[in-house]
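Asker: Residue numbers (UniProt numbering), protein chains in the order written: chain A, 1 to 492; chain B, 1 to 492.
2 protein chains.
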Amino acid sequence: MSEVEKGVKDLKVKEQKARAEKMKAEGKFALKTPKGTKDFGSSQMVVREKVLGIMTEIFKKHGAEAIDTPVFELKEVLMGKYGEEGGKLVYDLADQGGEACSLRYDLTVPFARYVAMNKLANLKRYHIAKVYRRDNPVMTKGRFREFYQCDFDIAGQYDSMLPDAECLKIADEVLSTLDLGEFEIRLNHRALLEGIFALSGIDTKDFKTVCSSVDKLDKVPWETVRDELVNEKKIPADAVNHLEKYVRARELASNPTNEDLLKIFETFENDRVKVAVNELRLLLEYCELYGCNKRVVFEPSLARGLDYYTGVIYEVIVKEFSFVPKNANPENPEENCSVGSVAAGGRYDTLVGMFSASAGKKRTDIPCVGISFGIERLFSIMEMKHKSEETGLRTNATDVLVASAQKGLLKERMKIARILWDANIRTELPYKANPKLLNQLQYAEERIIPWVVLLGEQELNNGLVKIRNVKTREETEVKIDDLVEELKKRLS
Amino acid sequence: MSEVEKGVKDLKVKEQKARAEKMKAEGKFALKTPKGTKDFGSSQMVVREKVLGIMTEIFKKHGAEAIDTPVFELKEVLMGKYGEEGGKLVYDLADQGGEACSLRYDLTVPFARYVAMNKLANLKRYHIAKVYRRDNPVMTKGRFREFYQCDFDIAGQYDSMLPDAECLKIADEVLSTLDLGEFEIRLNHRALLEGIFALSGIDTKDFKTVCSSVDKLDKVPWETVRDELVNEKKIPADAVNHLEKYVRARELASNPTNEDLLKIFETFENDRVKVAVNELRLLLEYCELYGCNKRVVFEPSLARGLDYYTGVIYEVIVKEFSFVPKNANPENPEENCSVGSVAAGGRYDTLVGMFSASAGKKRTDIPCVGISFGIERLFSIMEMKHKSEETGLRTNATDVLVASAQKGLLKERMKIARILWDANIRTELPYKANPKLLNQLQYAEERIIPWVVLLGEQELNNGLVKIRNVKTREETEVKIDDLVEELKKRLS
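(1) According to DSSP, simplified to helix, strand and coil, what is A/L199?
(2) Any beta-carbon of chain B closer than 8 Å to the one on A/V13?
(3) Listing by chain order, which chain B residues have their CB less than 8 Å from the CB of A/N461?
(4) Whose C-alpha, out of A/S102, A/K169 and A/S322, is nearest the C-alpha of A/A382?
(5) If you draw a straight line from the C-alpha of B/K489 to the C-alpha of B/E285, how long is it?
(6) Using only the alpha-carbon positions, how far apart do B/A357 and B/T310 sit?
(7) Could you tell me whether the Cβ atoms of B/P34 and A/P70 are closer together than 8 Å?
(8) Out of A/C150, A/A444, A/S212 and A/R447, point me to the one whose CA is closest to A/F379's CA.
(9) Can you tell me where the beta strand (DSSP E) holding B/A155 begins and where it ends?
(10) Would you say the stretch 232 to 247 of chain B touches the stretch 196 to 211 of chain B, given that touching needs at least three Cβ pairs under 8 Å?
(11) What do you get for B/M139, buried or exposed, if any count of 16 or more other CB atoms within 10 angstroms of its CB means buried?
(12) Check this for me: beta carbons of B/C101 and B/G345, under 8 Å apart or not?
(13) Are the Cβ atoms of B/V484 and B/I425 separated by less than 8 Å?
(14) Taking the beta strand (DSSP E) that residue 494 of chain B falls in, what are its first and last residues?
(15) Span of the alpha helix (DSSP H) holding A/L282?
(16) Taking the continuous beta strand (DSSP E) assigned at B/K124, which residues delimit it?
(17) Could you have a look at A/N188 and say whether DSSP puts it in helix, strand or coil?
(18) Near B/T209, what residues of its chain come up, given a Cβ to Cβ distance below 8 Å and the 5 sequence neighbours on each side ignored?
(19) Kindly say whether A/L284, judged by its beta-carbon, lies nearer than 8 Å to any beta-carbon of chain B.
(20) Take B/Y148 as the anchor and find which of B/T472, B/G41, B/G195 and B/I375 has the nearest alpha-carbon.
(21) Name the DSSP bridge partner or partners of B/S102?
(22) Say whether the stretch 388 to 403 of chain B touches the stretch 446 to 454 of chain B, bearing in mind that this needs 3 or more beta-carbon pairs closer than 8 Å, one atom from each stretch.
(23) Any residues in the stretch 27 to 43 of chain B with a beta carbon nearer than 8 Å to a beta carbon of chain A? Which ones, in chain order?
(24) With 8 Å as the limit, tell me which residues of the stretch 63 to 76 of chain A have their beta carbon closer than that to any beta carbon of chain B; keep them in chain order.
(25) Using beta-carbon positions only, say whether A/D164 and A/V312 come within less than 8 Å of one another.
(26) How about A/L162: is its C-beta nearer than 8 Å to some C-beta of chain B?
(27) If the cut is a Cβ gap below 9 Å, which residues of chain B does A/F147 touch?
(28) Taking 7 Å as the limit between beta carbons, can you name the residues of its chain near A/L282, skipping five residues before and five after?
(29) Could you name the residues of the same chain whose beta carbon sits closer than 8 Å to that of residue 573 of chain B, not counting the 5 residues immediately before and after it, in chain order?
(30) Is DSSP giving B/P333 helix, strand or coil here?
(31) Under a three-way DSSP split, which group does A/E3 fall into?
(32) If we ignore side chains and look at the alpha-carbon of each, how far apart do A/H386 and A/L52 end up?
(33) Less than 8 Å between the CB atoms is what I'm expecting for A/V465 and A/E474, so what's the real figure, rounded?
(34) Under a CB-based cut-off of 8 Å, is B/L93 close to chain A?
(35) Would you report the Cα separation of A/E320 and A/F265, rounded to the nearest angstrom?
(36) Beta-carbon separation of B/V275 and B/A191 under 8 Å?
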């Protein structure tokens, strides 16, 4: 930045501050939503409801039940569940007397609290709700402070990998049905990471911090990760060199199959690795039976951040869109195509037990596995898709506008509207005593309302009204007594 | 309370405190949701989704669009909108750096902020979301600190009483469709209250405090209200005596019609009263055209608490249930029947303008009218109704359980489940390698799953499976190739 640019920027910041202070002094304030949050207008709501409808239908198809929990939890419930970084991002409620509470950070911890509190032995549930993180928002990239999560989880003591396979099947169904583009389900196992870290000679106490570096491998080259591990985190270079061969196994082999990689790892002399290889192999076999194996990729570098995972972990990424985004930047195809992770999850067998134990009761572990969809990203992609297809999205569901061809006739219009409403036909009428015909027809066209019922005094005297097809402008006279039937015929 | 009772109570409180402190010292805590909040289990969610589905369908039938706003707003947005009492009940977020924010208290103020911020000239929207009040919760009576509101509002400059009439029509449709019992829509006008207060000689500055006393008339006798006004609030006895004749007009006349009462008030020499009478008469006429006039009762004592109303105000009360509640208390029929207000609303023509003005812009008033449904009460009544009818409520939507008649056959079951899922048939299979047949059939019965697909080795060898009707226990052999078609036939 040049001196002049810097000067201009400083002046602007100063001006902005002065304006804010002046407004405050006058008891005024900016009309906006809080930082990192946004309103959903009706055209966004239509997309949102479409996406959520598809997901809900798939969850129900797999026998899941819905539950809901409060937006805020007791502070103790959330503490110590999200690692050092995550913990800092939790929103607290002000101390206004009473219990210390925090806004929920995800839906998994409230789910585990719910299972423990109600002493449930098993539960297959979905939960669609907003969560809160005091993160640095990047609104254009779909990173918000208030955002939706959409979770499917299975709690219960079951035979190995059966619920896990169903979670991957669901991920496959959701992404296939949304039809947003090519996707990949990346798969790894917490025990595999533990095993190869141990084999590399990495100290157990460094597990989390090494994980968080390794997890960056899908975004930055190995050299950057290596540098961070050796120079910043002071992991011995020897250990890091060992680790490289393991976590980059897929990259370093020439186009290996999942089984090729598993064959490499199964030779390792480490019990944790053996557990992981057996479970991953079984899971991949089940995925084949469920017809969702083609998109599953065993990726030894996948690490994931959260503390509570104990078994398989996975993440779904959209690799390429099924459409050409409007306003795509031809200079930078990466930017247009890559949205990264749209869902993630894994097995967490000890979280419910942590809650029963911290409540001072006998510890009861209920194994759990689940998947959480990053709905905001799916919304964004779906919105881009709709824009690229330039299909007019309806924000209302109105089927009929009751209009009058001449001045007045308000009461007659109201009577007709009543008949249609009482027959469950989606109907609007202008809130004007004397609306102009042109304005009414324009309203119907703008709102993409397919039919207009048109009233005229002469027709009314003969017990008739006109039905007008907004698209073709064709008009048909019908008896008022037959109006409901005639409209239902056209709407079915 | 006797001395002994008091002693026992004190001891209990002491014991409870000691227990809490001991748990805290051990790093333990009670497994619960915060005070005034609750989880929704799957059987409650089913009721909730049913009620919300009915309401959403009615809102859409009237051409409304959905919007959503953040759970928290800038503190300034909420300040000064809910009167002295309401303002104290707003939840604040902790100061963790950044803007001062509060949890939304209702959906009306965020709606007005949204209209002003987006400079909309009109909007007909519905919004279903949770709101937050630090009130004293009474969980058994459906008074929570976190609860749903379900709002329908019309913003825009329209001809008199047309949007208002549609709000009452919607209230009538919602309550009729839910079929919970006899209900009444009580109606009044802010200008009528202003007029009769002035005619009684009550000072303008006392308007709000007198309103809040008068509003209690549906719960306590006039003598109590009078006592509060004269002795506590120091309103001159003369003025209160005058006021009585007006606010008790319905009570004191012998079974008057709405028009009878309007005829009394229209003789009053007061401009505000005249405005109110004209608007109420027009509204009642429109309600007749919409076929919802029979439940509308003009009630001069209805006052409502919130500051922002400027025109008609109304409230919907359920007077008598359509069913006999289970565990009804025969000693106290009142308790079983009366749930009071389930919806309320009115006209607020200046709220949007307040926002455009406080944002330092030119004040633009957008007249608004709306209705807010107290969904928690409607949920409670609906739950009571379901319990009284003892109809088994399904919490899942599963149509088919894939079971095996003998040990093993896991992979075969998985293949069949995959076929059904891919054909969009709602299917579950037990997460067990060797489930017992009896347990599987019991699971289907408990979960009210209507069909079981039963696998046996011999049938499989011939390309066959059995379809079992869970209710009749009838079994039919079908070819695996025909299974989807056969099931779809049974499910349609």
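Note that CB positions come from ideal geometry on N, CA and C, so glycine has one too.
Answerer: A quick look at the data gives this:
(1) The residue labelled residue 199 of chain A in the question sits at position 199 within the first sequence. Here A/L199 sits in helix by DSSP.
(2) Position 13 of the first sequence holds residue 13 of chain A. With 8 Å as the cut-off, A/V13 does not count as an interface residue toward chain B.
(3) The residue given as residue 461 of chain A occupies position 461 in the first sequence. Within 8 Å Cβ-Cβ: nothing; A/N461 doesn't reach chain B, min ~19 Å.
(4) Position 382 of the first sequence, counting from 1, holds the residue named residue 382 of chain A. Reading off the sequence, residue 382 of chain A comes out as Met, not Ala. The candidate whose alpha carbon is nearest that of A/M382 is A/S322.
(5) Against the second sequence, residue 489 of chain B aligns to sequence position 489. Against the second sequence, residue 285 of chain B aligns to sequence position 285. Approximately 51 Å between the Cα atoms of the pair.
(6) By 1-based counting over the second sequence, the position of residue 357 of chain B is 357. By 1-based counting over the second sequence, the position of residue 310 of chain B is 310. Approximately 18 Å between the Cα atoms of the pair.
(7) In the second sequence, counting from the first residue as 1, residue 34 of chain B sits at position 34. In the first sequence, counting from the first residue as 1, residue 70 of chain A sits at position 70. Yes, these two residues count as a Cβ contact at 8 Å.
(8) Looking up residue 379 of chain A in the first sequence gives position 379. It is A/C150 whose Cα lies nearest to the Cα of A/F379.
(9) The residue given as residue 155 of chain B occupies position 155 in the second sequence. Note, B/A155: beta strand (DSSP E), E146 to A155.
(10) yes
(11) Numbered from 1 along the second sequence, position 139 holds the residue referred to as residue 139 of chain B. It is exposed - the Cβ of B/M139 has fewer than 16 other Cβ atoms within 10 Å.
(12) In the second sequence, residue 101 of chain B corresponds to position 101, counting from 1. In the second sequence, residue 345 of chain B corresponds to position 345, counting from 1. Contact flag unset, no.
(13) As a working mapping, residue 484 of chain B is identified with position 484 in the second sequence. As a working mapping, residue 425 of chain B is identified with position 425 in the second sequence. It is a contact, given that the beta carbons lie within the stated cut-off.
(14) One cannot answer for residue 494 of chain B here, as it falls past the ends of chain B, which runs 1 to 492.
(15) Indexing the first sequence from 1 puts residue 282 of chain A at position 282. Segment D271 to L289, the alpha helix (DSSP H) holding A/L282.
(16) Along the second sequence, read from residue 1 onward, the residue named residue 124 of chain B stands at position 124. Note, B/K124: beta strand (DSSP E), L123 to Y132.
(17) Within the first sequence, the letter at position 188 stands for residue 188 of chain A. DSSP places A/N188 in strand when its eight states are reduced to three.
(18) Locating residue 209 of chain B in the second sequence gives position 209, where the first residue counts as 1. Contacts found: K233.
(19) If you number the first sequence from 1, residue 284 of chain A lands on position 284. No, no contact with chain B.
(20) Residue numbering aside, residue 148 of chain B sits at position 148 when the second sequence is read from its first letter. Among B/T472, B/G41, B/G195 and B/I375, the Cα nearest to that of B/Y148 is on B/I375.
(21) The sequence position of residue 102 of chain B within the second sequence is 102, counting from 1. B/E73 and B/D92, per the DSSP bridge assignment.
(22) yes
(23) G27, K28, F29, A30, L31, K32, T33, P34, K35, T37, K38, D39, F40, G41 and S42
(24) G63, A64, E65, A66, I67, D68, T69, P70, V71, F72, E73, L74 and E76
(25) Position 164 of the first sequence, counted from the start, is the residue given in the question as residue 164 of chain A. Position 312 of the first sequence, counted from the start, is the residue given in the question as residue 312 of chain A. Yes, these two residues count as a Cβ contact at 8 Å.
(26) Counting from 1 along the first sequence, the entry for residue 162 of chain A is found at position 162. It does; some Cβ of chain B falls within 8 Å.
(27) Here residue 147 of chain A refers to the residue found at position 147 of the first sequence. Near A/F147 there are no residues of chain B at all, since even the closest Cβ is about 10 Å away, more than 9 Å.
(28) Counting from 1 along the first sequence, the entry for residue 282 of chain A is found at position 282. Taken in chain order, the residues that qualify are S160 and M161.
(29) This structure gives no information on residue 573 of chain B, because the portion of chain B shown stretches from 1 to 492.
(30) Your numbering for residue 333 of chain B matches position 333 in the second sequence. Note that B/P333 scores a pLDDT of 47, beneath 50, so its modelled location is shaky and nothing firm can be said.
(31) As a position in the first sequence, residue 3 of chain A is number 3, starting the count at 1. Three-state DSSP puts A/E3 in a helix.
(32) For the purposes of this step, residue 386 of chain A is taken as the residue at position 386 of the first sequence. For the purposes of this step, residue 52 of chain A is taken as the residue at position 52 of the first sequence. So the two alpha carbons sit approximately 16 Å from each other.
(33) Counted from its first residue, the first sequence places residue 465 of chain A at position 465. Counted from its first residue, the first sequence places residue 474 of chain A at position 474. Actually they do not touch by this definition, with Cβ atoms about 15 Å apart.
(34) The count along the second sequence starts at 1 and reaches residue 93 of chain B at position 93. So, interface residue.
(35) The sequence position of residue 320 of chain A within the first sequence is 320, counting from 1. The sequence position of residue 265 of chain A within the first sequence is 265, counting from 1. Going from the Cα of A/E320 to the Cα of A/F265 covers about 30 Å.
(36) The sequence position of residue 275 of chain B within the second sequence is 275, counting from 1. The sequence position of residue 191 of chain B within the second sequence is 191, counting from 1. Going by C-beta atoms, B/V275 is nearer than 8 Å to B/A191.
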